[in-house]
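Residue numbering for the sequence shown is 1 to 189, as defined by UniProt numbering.
Virtual Cβ for every residue (Gly too), placed ideally from N, Cα, C.
Take a look at the structure set out below.
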Amino acid sequence: MKVYTKTGDKGTTALFGGDRVPKDHIRIDSYGTVDELNSYIGLIRDQEMDAHYKTILIEIQDRLFTVGAILATPAEKEVLKNGELRLKNLGIIDTDIELLENEIDQMEESLPQMTHFVLPGGHPTVSHCHIARCICRRAERLAVHLSHNEAVPEIAIRYLNRLSDYLFVLARKLSSDLNAEEVKWIPRK
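Encoded structure:
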């Protein structure tokens, strides 16, 4: 199988199920941003950090492939002609969100309580986490936008929302682990 198919040369692409849509369709923008986020999380995972975080990030990358598949599948194409689900062995479930929440809770136990907004930065790894958090928020906004016109499982949006929280707390935890300065935002008086 060749990487290039030439089928997108006129600005369209295929969704799961075969329908073709313009490459600037909100559905494509939505799952394309999830793909961008997944790649950026790979960059975070390539940094020096505790092996536990890397394990969780791999799990997150796997779940993001699932979110991408969900967003690439129009509701009317979810069931195959033989009655089986197109994404039969794929899905986001409550335990995927609970994993993120548990990880957040564990990291927060060792962090000082937040009293100010935190400026992104302090260490390259921390900065990568903040960029990934912003990409995640954009993916969430796009999935919500898509849901205004087409069916999007609520759990996929909830997962993206919780993932952005996880990435924020991971940035704070790595800042602490790396002895990086956490700069607080102080508004002008």
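With a threshold of 16 other CB atoms inside 10 Å of the CB of Leu170, please say whether the residue is buried or exposed. Position 170 of the sequence shown holds residue 170. Looking at its Cβ environment, which holds 16 or more other Cβ atoms inside 10 Å, Leu170 is buried.
Residues bridged to Val118 (per DSSP): As a first step, residue 118 is located in the sequence shown; it is residue number 118 there, counting from the start. Answer is Lys184.
Report yes if the C-beta distance between Val67 and Leu160 is below 8 Å; otherwise report no. Reading the sequence shown from its first residue, position 67 is the one you call residue 67. Reading the sequence shown from its first residue, position 160 is the one you call residue 160. The answer is yes: Cβ separation under 8 Å.
Between Leu71 and Ala151, is the Cβ-Cβ spacing less than 8 Å? The count along the sequence shown starts at 1 and reaches residue 71 at position 71. The count along the sequence shown starts at 1 and reaches residue 151 at position 151. Not closer than 8 Å, so no.
Own chain, CB closer than 7 Å to Asp35, minus 5 neighbours either side, in chain order: In the sequence shown, the residue the question calls residue 35 occupies position 35. For Asp35, where only same-chain residues beyond five positions count, the Cβ hits under 7 Å are Gly68.
The alpha helix (DSSP H) spanning Pro124 covers which residue range? Taking the first residue of the sequence shown as position 1, residue 124 is located at position 124. Residues Pro124 to Ser147.
To the nearest whole angstrom, what separates the beta carbons of Arg45 and Leu57, a pair I think is in contact under 8 Å? Against the sequence shown, residue 45 aligns to sequence position 45. Against the sequence shown, residue 57 aligns to sequence position 57. That belief holds up - the Cβ atoms of Arg45 and Leu57 are roughly 4 Å apart, short of 8 Å.
Element boundaries [alpha helix (DSSP H), containing Gln61]: In the sequence shown, the residue the question calls residue 61 occupies position 61. Residues Ala51 to Leu71.
With a threshold of 8 Å on Cβ separation, who are the neighbours of Lys23 within its own chain once the five nearest residues in sequence on each side are excluded? Against the sequence shown, residue 23 aligns to sequence position 23. For Lys23, where only same-chain residues beyond five positions count, the Cβ hits under 8 Å are Gly8, Gly11, Thr12 and Thr13.
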